[in-house]
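Some notes on the structure that comes next.
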Amino acid sequence: MNLSSLGFFRSLRKDNHQFAVIGLGRFGRSVCSTLHKLGYQVLATDIDEKRVSDALTEQMVGHALQLDSTEPAALKEAGIFEFDTVIIAIGNYIQESIITTLNVKEGGVPHVVAKASSEVHRKLLLRVGADHVVFPEFEAGCALARSLTKPSILERFDLDPDHSIVELIVPDEFHGKTIAELQLRNRYGLNLLAVSHDGKFQINPNPNQYLERGSAIVVIGCNKDINRLPI
Ligand code: ATP
1 MNLSSLGFFR
11 SLRKDNHQFA
21 VIGLGRFGRS
31 VCSTLHKLGY
41 QVLATDIDEK
51 RVSDALTEQM
61 VGHALQLDST
71 EPAALKEAGI
81 FEFDTVIIAI
91 GNYIQESIIT
101 TLNVKEGGVP
111 HVVAKASSEV
121 HRKLLLRVGA
131 DHVVFPEFEA
141 GCALARSLTK
151 PSILERFDLD
161 PDHSIVELIV
171 PDEFHGKTIA
181 ELQLRNRYGL
191 NLLAVSHDGK
201 FQINPNPNQY
211 LERGSAIVVI
221 GCNKDINRLP
231 I
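Structure, rendered in structure tokens:
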């Protein structure tokens with residue numbers, strides 16, 4: 001996530017417990033089942049009757065309806081416009097995805113999240129009013145390329161294009177040295193936030209603590225400085 005998404009996530013109501021998901025492909029189903037397991041009420045819809053009945057049979061959601069989301073009247077009748085947040089999970093049918101997004105925004109839904117399947121699709125969704133666009137295949141591809149080229153980085157949280165928080169395996173060069181000895185701030189401009197120990201993270205670790213091969217550390221700083229680490 002980046003700073004441009006901040007406004008969207010800040011605007012979401014904390015007391016909202018209901019979501020509507022349009023499209024029950026792999027992505028839509030994973031959104032539905034996760035929300036459902038987390039205890040939220042989910043209305044799932046799809047044009048395909050079988051996908052709707054499967055969602056109910058598998059107890060993926062509490063409510064599911066068959067409807068064509070390119071029809072504004074069908075969305076209105078199903079009560080979709082009353083939702084605070086609607087997820088449009090139609091990635092492979094661009095025309096249907098765009099028309100649905102337009103319909104849902106014109107119906108007055110304040111928070112519309114849409115799935116894109118290409119860069120042009122992403123731009124079109126934003127043009128017709130989507131409040132937040134996700135592009136899971138692109139994001140997963142970027143993450144895979146990063147983990148293949150920097151296998152020591154276990155997790156990465158991008159704060160903005162230039163700054164990140166990363167969890168990484170302690171480099172061999174750091175093994176047996178104390179945090180103070182390493183002088184990460186002076187040498188790399190990085191701040192050490194946590195060190196793993198016995199499967200748990202210790203936050204604000206003691207500077208006299210030794211780092212060990214095989215454990216993990218969490219640092220925050222500029223990407224160019226993170227890239228200078230001996231990993
Ligand atoms: P994948 O499953 O390949 O990962 P995806 O999750 O983006 O991709 P799609 O293949 O785009 O899913 O399918 C989304 C769902 O949207 C399908 O189940 C399809 O039946 C449904 N759908 C397509 N057009 C409409 C429409 N007009 N109204 C409602 N649902 C629709």
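Heads up, the sequence shown is in the numbering used here, so the first residue is 1 and it goes up one at a time. Quick reminder that beta carbons are idealized off the backbone N, C-alpha and C, glycines included.
- In this structure Ile220 does not touch Leu211 by the C-beta definition: roughly 17 Å separates them, more than the 8 Å allowed.
- Fewer than three beta-carbon pairs drawn from the stretch 124–143 and the stretch 58–69 are found closer than 8 Å, and the two stretches are therefore not classed as touching.
- For Ala130, the CB contacts under 8 Å within the same chain, skipping 5 residues up- and downstream, are Ile88, Thr101, Lys105, Val112, Val113 and Ala114 in chain order.
- For His121, the uninterrupted alpha helix (DSSP H) run begins and ends at Glu119 to Arg127, by DSSP.
- Straight across, the Cα-Cα distance linking Gly62 with Thr45 is about 12 Å.
- Secondary structure in the stretch 175–216: the beta strand (DSSP E) runs of 3 residues or longer, each lying completely within the stretch, are 191–197 and 200–203 in chain order.
- Looking at the DSSP output, Phe157 bridges to Ile165.
- Sequence-distant Cβ neighbours of Val52 in its own chain, meaning closer than 8 Å and more than five residues away, are Leu24, Ala44, Thr45, Asp46, Ala64, Leu65 and Gln66.
- Between ligand 1 and the CB of Ala114, the shortest heavy atom gap is not smaller than 7 Å.
- Here DSSP, grouped into helix, strand and coil, assigns Gln18 to strand.
- Leaving aside the five residues that flank His175 on each side, the residues in its chain whose CB is nearer than 8 Å to its CB run, in chain order, Leu211, Glu212 and Arg213.
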